[in-house]
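Student: My questions all concern the structure below.
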């Protein structure tokens, strides 16, 4: 094989390599495939030429001990270049497969519509990348209200202190890459995930509008100690986790905005409108699954005299204390709403009549512990009273009639209690 042919193919591989690097940075998969094909073709030509050269070159005969025949040099160079080209092509095939995994993962991220879908998204990403764990921890101050049901949340001070463990120097965004044993507080990033060797990658979640504030961490854990070894390239991984982190922030911010419109400004329980929208969904689910659904209707007793005696600010303080007490007794799946004025409604999914009656007794005891003097400075000692009605949904009963039934039960409770409270 003539040397100019060998040089031509070597230069072709070099040029294709540079173009492929550029395509990878742009995320241009089609260009990556074209350059990979060129690299493969050049490697094939080198391989064929090397075989032909060895078979036909008459100079490939034993040579004097002191000299190395030019053909032998040429064959050795061809073999080296062929091996290098094959290795390069294999590496780029791996890169292309990795790129495809990242691309399909980003497509999943873009399809994720709400915070409630994030746990399933992380499970899918864990499967796609073959990880032991893909874990998320978030700021309690920033996102606890919408995320604590799905992910661990920690105080900002803890997240800030943990950032000191991200040891990458000179990085645009610091991260940790290496053995979990190298983390001073591995449980903060990995939770109760059993760790024995392996490697991990810890990446901070940072809002683009507040680059100095850490809002959480994404941690990837693998059993292979070399997968996230400190000497590994991280370009794809950093870009992907940056995209994932921003998508998580966008979903959380959207959820906070939705929640802000759904919450009563004063009491921070849900509004009547949100109750009717979400309650209708709970009724449909209860009907479809033949599951019980109960309602409590709560009305404050002698609330008007509090407003008249101490003013509306004092009345607002009482309503906030009552709402906080109701939330303290409610479960995560229960829906607590301010129905209007001094009225509250609680929807209790998967709760039959005995369960609803038990909840009413506990709530009544909790409200009785509220003392007007502790809520309103200068007020006399007086217990907070409330009338509470209970209703359990009958088959095919809609939300409006269910609430009306609980409302009527509340008035019955008020009439029964009037002699004792007068």
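In full-length UniProt numbering, the protein residues as written are 1 to 422. From the three backbone atoms N, C-alpha and C, an ideal C-beta is built for every residue, glycine too. This one's a predicted model, so the numbers in the text were calculated from it and none came from an experiment.
(1) What does residue 345 pair with, by DSSP beta-bridge criteria?
(2) Excluding five sequence neighbours on each side, which residues of the same chain lie with their C-beta closer than 8 Å to the C-beta of residue 243?
(3) Between residue 307 and the rest of its own chain, which residues show a CB-CB distance below 6 Å, the 5 nearest in sequence each way excluded?
(4) Let me make sure I understand the geometry here. Which of 268, 411 and 114 has the alpha-carbon closest to that of residue 327?
(5) Measuring from the CB of residue 240, is there a heavy atom of the ligand NAD at a distance below 7 Å?
(6) By Cβ distance, which residues of its chain are closer than 7 Å to residue 262, with the 5 residues on each side in sequence left out?
(7) Quick one: any contact between the stretch 339-349 and the stretch 294-307, if contact means 3 or more CB pairs under 8 Å?
(8) Among 93, 166, 286 and 206, which one has its Cα closest to the Cα of residue 253?
(9) Could you tell me the distance, in whole angstroms, from the CA atom of residue 416 to the CA atom of residue 266?
(10) Helix, strand or coil, according to DSSP, for residue 222 in the structure here?
(11) Would a C-beta distance cut-off of 8 Å place residue 423 and residue 224 closer than the cut-off?
(12) How big is the Cα-Cα spacing for residue 259 and residue 87?
(13) Would you kindly check if the distance between the Cβ of residue 294 and the Cβ of residue 348 is under 8 Å?
(14) Put residue 200 into one of helix, strand or coil per three-state DSSP.
(15) Report buried or exposed for residue 322, applying the criterion of at least 16 other Cβ atoms within 10 angstroms of its Cβ.
(16) When you compare each of 283, 89 and 177 to residue 403 by their alpha carbons, which one comes out closest?
(17) On the three-pair Cβ rule with 8 Å, is the stretch 165-179 touching the stretch 228-238?
(18) Could you tell me the distance, in whole angstroms, from the CA atom of residue 136 to the CA atom of residue 249?
(19) Taking just the CA atoms, how far does residue 202 sit from residue 129?
(20) How would you label residue 35, buried or exposed, when you count the other beta carbons within 10 angstroms and need 16 or more for buried?
(21) Of all the alpha helix (DSSP H) runs that stay within the bounds of the stretch 252-295, which reach a length of 4 or more residues?
(22) Relative to the C-alpha of residue 220, which candidate in 213, 175, 212 and 256 has its C-alpha closest?
(23) Go through its chain and collect everything with a Cβ distance to residue 33's Cβ below 8 Å, but skip five positions before and after it.
(24) Once DSSP output is grouped into helix, strand and coil, what is the label at residue 89?
(25) Where do the ends of the beta strand (DSSP E) carrying residue 318 lie?
(26) What does the alpha-carbon distance come out to for the pair residue 410 and residue 285?
(27) Expressed to the nearest angstrom, what Euclidean distance is found between the alpha-carbon atoms of residue 233 and residue 126?
Tutor: On the basis of the data shown:
(1) 297 and 337
(2) 106 and 109
(3) 315
(4) 268
(5) Inclusion of the ligand NAD in the displayed structure is not the case, the ligand content being empty and no account of it being possible.
(6) 270, 271 and 274
(7) yes
(8) 206
(9) 30 Å
(10) strand
(11) The question about residue 423 has no answer here: the residues shown for the chain are numbered 1 through 422.
(12) 54 Å
(13) yes
(14) strand
(15) buried
(16) 283
(17) yes
(18) 12 Å
(19) 15 Å
(20) buried
(21) 272-289
(22) 175
(23) 96
(24) helix
(25) Run containing residue 318: none in the beta strand (DSSP E); it sits in the alpha helix (DSSP H), 312-329.
(26) 25 Å
(27) 20 Å
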